[in-house]
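The block underneath contains the structure these notes are about, expressed in structure tokens.
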Amino acid sequence: MVFSSITFLCVFLPITFVLHWILPGIRTKNILLIIASLLFYAYGEPVYVLLMLASVLLNYIFGLTVNNKGRKRKWALILAVIVNIGLLVVFKYAGFLVELVNSTGWVTLPAVQIALPIGISFFTFQALSYVIDVYRGNANPQKNPGKVLLYISFFPQLIAGPIVKYHDIEEQIGGRRLTAENAALGMRRFIAGLSKKVLISNVMGLTVDTLFAAAPENINILSAWIAAVSYLLQIYFDFSGYSDMALGLGRMFGFEFKENFCYPYVSCSITEFWRRWHISLSGWFREYLYFPLGGNRKGLVRTIINKWIVFACTGIWHGANLTFLCWGLYHGFFMMVEEFLPKRRKIGSVGRFFGHLYALLVVTVGFVIFRADTLAQGFFFVSRMFTGFEFSAPGLSLAVQQLTPLWIAVFIAACIAASPVKVHLEKKRGYRTAAWLCSIAGLVLCMLSLSGSTYNPFIYFRF
Numbered sequence: 121m122v123f124s125s126i127t128f129l130c131v132f133l134p135i136t137f138v139l140h141w142i143l144p145g146i147r148t149k150n151i152l153l154i155i156a157s158l159l160f161y162a163y164g165e166p167v168y169v170l171l172m173l174a175s176v177l178l179n180y181i182f183g184l185t186v187n188n189k190g191r192k193r194k195w196a197l198i199l200a201v202i203v204n205i206g207l208l209v210v211f212k213y214a215g216f217l218v219e220l221v222n223s224t225g226w227v228t229l230p231a232v233q234i235a236l237p238i239g240i241s242f243f244t245f246q247a248l249s250y251v252i253d254v255y256r257g258n259a260n261p262q263k264n265p266g267k268v269l270l271y272i273s274f275f276p277q278l279i280a281g282p283i284v285k286y287h288d289i290e291e292q293i294g295g296r297r298l299t300a301e302n303a304a305l306g307m308r309r310f311i312a313g314l315s316k317k318v319l320i321s322n323v324m325g326l327t328v329d330t331l332f333a334a335a336p337e338n339i340n341i342l343s344a345w346i347a348a349v350s351y352l353l354q355i356y357f358d359f360s361g362y363s364d365m366a367l368g369l370g371r372m373f374g375f376e377f378k379e380n381f382c383y384p385y386v387s388c389s390i391t392e393f394w395r396r397w398h399i400s401l402s403g404w405f406r407e408y409l410y411f412p413l414g415g416n417r418k419g420l421v422r423t424i425i426n427k428w429i430v431f432a433c434t435g436i437w438h439g440a441n442l443t444f445l446c447w448g449l450y451h452g453f454f455m456m457v458e459e460f461l462p463k464r465r466k467i468g469s470v471g472r473f474f475g476h477l478y479a480l481l482v483v484t485v486g487f488v489i490f491r492a493d494t495l496a497q498g499f500f501f502v503s504r505m506f507t508g509f510e511f512s513a514p515g516l517s518l519a520v521q522q523l524t525p526l527w528i529a530v531f532i533a534a535c536i537a538a539s540p541v542k543v544h545l546e547k548k549r550g551y552r553t554a555a556w557l558c559s560i561a562g563l564v565l566c567m568l569s570l571s572g573s574t575y576n577p578f579i580y581f582r583f
């Protein structure tokens with residue numbers, strides 16, 4: 121089940137929210153949320169609910185064990201890392217690794233086809249962070265398994281994040297306060313995210329799918345750039361829209377999650393981009409991989425190596441495909457280059473302008489590789505973006521067909537929404553009234569769109 125579905129919007133969410141509001145006591149509300157979260161996950165993955173429950177149980181035991189004194193705690197931590205990462209390897213990368221081994225020609229292993237559990241990358245990282253934080257003393261071990269289950273399975277952040285650290289919501293699980301104002305603001309945030317997903321990302325996604333499925337001879341510089349820019353907007357509004365919905369839902373149920381995006385397309389460097397993009401994932405890798413590797417404390421060369429390791433893992437985390445690994449190493453390369461650049465506290469408007477162009481170009485090209493089915497297709501599209509000056513009649517017609525009035529209107533709206541215009545508008549008089557009117561209009565348009573169309577992809581659904 122996805123948030124941008126009629127079933128969720130008209131059945132699951134209203135029932136769960138009303139019951140949560142009227143039931144007495146936090147303990148009763150938590151039991152409701154656990155049941156609702158398990159039903160939410162079982163709607164799409166009935167068998168893999170057992171896998172998630174097993175993961176929760178094991179990490180609950182690991183959390184208790186690593187809190188003990190003596191050598192057992194260290195071995196428990198090592199075992200927790202092996203079990204959690206092993207879970208990802210088996211379900212997410214086994215088939216890819218077998219194909220990689222078979223491609224060498226040295227040995228032929230039987231093909232492995234395992235259905236990927238929804239959200240396994242997110243709930244596994246979340247569970248592992250809990251155990252590590254308890255080991256480090258940054259979080260108290262939870263003796264109530266139900267609270268650990270709610271923390272990991274809570275449906276707003278279950279299938280696509282943000283990756284929430286246990287110590288950030290430990291007190292909220294047992295002592296949150298529900299107010300009508302918070303619930304209303306959560307609803308408005310949820311509708312904003314839903315509008316991003318349905319009204320912007322889905323429109324851009326249709327164009328992306330059309331052009332990436334087109335015959336190679338019909339792709340020229342114009343259509344290649346339309347595809348690249350469309351995907352740049354599709355993935356941002358898809359994922360940031362989902363994060364907005366998750367944060368909004370969390371607030372409706374009394375939880376405060378940290379922001380996951382902060383206008384990444386205004387960045388003037390790749391370093392800044394990663395401080396603004398998927399903040400919970402980059403923060404997870406920084407805290408649980410980069411710092412343990414030594415971070416930037418062991419010299420420039422070691423810092424560069426550590427960053428490349430982190431970005432290789434970031435790429436592979438997204439899926440078992442060489443395109444993701446290449447995308448991660450590609451960003452790692454530019455992070456390495458920026459390590460050698462002189463650090464300036466202040467840059468002028470001209471410097472920011474060219475820095476912005478540089479960052480957008482690097483990110484756009486990287487996302488083309490990320491979107492491609494194969495490295496060959498990705499490199500082909502990138503090459504056409506800079507050399508595709510052959511304008512055949514079918515190719516030109518294909519490009520022009522994408523520039524519909526709807527696409528142009530959505531493109532303009534997306535460019536505005538991707539910039540911090542909202543930050544300035546919030547200071548204006550009458551903003552709250554206008555925001556509510558826009559929310560109501562957005563919800564109506566989303567419901568009409570979802571009712572009249574079957575096209576509703578979600579990029580991060582199986583990451």
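Counting in this note's numbering, the sequence shown runs from 121 upward without gaps.
The C-beta atom is built at its ideal place from N, Cα and C for all residues, glycine as well.
Hey, could you find the ends of the alpha helix (DSSP H) residue i is sitting in?
i: Gly439; result: Counting along the chain, Gly439 falls outside any alpha helix (DSSP H), and DSSP gives it neither H nor E.
i: Gly266; result: 265 to 273
i: Ala496; result: 495 to 507
i: Trp527; result: 525 to 537
i: Arg552; result: 551 to 572
i: Ala303; result: 300 to 315
i: Tyr161; result: 146 to 164
i: Leu545; result: 541 to 545
i: Arg491; result: 469 to 491
i: Val323; result: 322 to 332
i: Phe211; result: Here Phe211 belongs to no alpha helix (DSSP H), and DSSP marks it neither H nor E.
i: Asn187; result: No alpha helix (DSSP H) contains Asn187, which DSSP labels as neither H nor E.
i: Tyr286; result: 286 to 295
Would you please state the rounded distance, in angstroms, between the beta carbons of residue i and residue j? I believe it to be under 8 angstroms.
i: Phe274; j: Pro237; result: The pair is not a contact, with the Cβ atoms about 17 angstroms apart (cut-off 8 angstroms).
i: Val186; j: Tyr255; result: 4 angstroms
i: Val284; j: Phe377; result: 6 angstroms
i: Val485; j: Val502; result: 6 angstroms
i: Phe216; j: Ala200; result: Wrong, their Cβ atoms sit about 24 angstroms apart, outside the cutoff.
i: Leu158; j: Val169; result: 6 angstroms
i: Phe621; j: Met365; result: This structure gives no information on residue 621, because the portion of the chain shown stretches from 121 to 583.
i: Met372; j: Ala303; result: 5 angstroms
Here's the rule: buried if 16 or more other CB atoms are within 10 angstroms of the residue's CB, otherwise exposed. What is residue i?
i: Trp226; result: exposed
i: Trp195; result: exposed
i: Gly190; result: exposed
i: Thr244; result: buried
i: Phe506; result: exposed
i: Phe242; result: buried
i: His451; result: buried
i: Asp493; result: exposed
i: Tyr551; result: exposed
i: Val328; result: buried
i: Gln246; result: buried
i: Tyr286; result: buried
i: Pro261; result: buried
i: Glu165; result: buried
i: Pro282; result: buried
i: Phe473; result: exposed
i: Ile135; result: exposed
Consult DSSP for residue i and reduce its assignment to one of helix, strand or coil.
i: Lys418; result: coil
i: Lys192; result: helix
i: Tyr575; result: coil
i: Pro585; result: The shown model of the chain, from 121 to 583, leaves out residue 585, and the question about it has no answer.
i: Phe373; result: coil
i: Cys382; result: coil
i: Cys130; result: helix
i: Phe123; result: coil
i: Trp226; result: coil
i: Asn260; result: coil
i: Gly432; result: Note on residue identity: the sequence assigns Ala, not Gly, to residue 432. Correct three-state label for Ala432: helix.
i: Ser387; result: coil
i: Ile339; result: coil
i: Gly403; result: helix
i: Lys548; result: coil
i: Trp394; result: helix
i: Ile279; result: coil
i: Val624; result: The requested residue 624 does not occur in the structure, where the chain is confined to residues 121 to 583.
i: Lys427; result: helix
Counting pairs of beta carbons, one from the segment 296 to 307 and one from the segment 328 to 347, are three or more of them closer than 8 angstroms?
-> no
Touching by the beta-carbon criterion (3+ pairs, under 8 angstroms), the segment 130 to 147 and the segment 239 to 251 | no
Within the chosen definition, does the segment 416 to 427 reach the segment 454 to 471 through at least 3 CB pairs nearer than 8 angstroms?
-> With the cut-off at 8 angstroms, the segment 416 to 427 and the segment 454 to 471 touch.
Could you tell me whether the segment 154 to 174 touches the segment 255 to 271, using the rule of 3 or more Cβ pairs below 8 angstroms?
-> yes
Evaluate the contact criterion for the segment 285 to 305 versus the segment 342 to 360: three or more CB pairs, one atom per stretch, below 8 angstroms.
-> no
Assess, as a yes-or-no matter, whether the segment 357 to 364 is touched by the segment 515 to 523 under the definition of 3 or more beta carbon pairs within less than 8 angstroms.
-> Taking 8 angstroms as the limit for Cβ pairs, the verdict is that the segment 357 to 364 does not touch the segment 515 to 523.
Could you say if the segment 389 to 398 and the segment 475 to 490 meet the contact criterion of at least three C-beta pairs nearer than 8 angstroms?
-> yes
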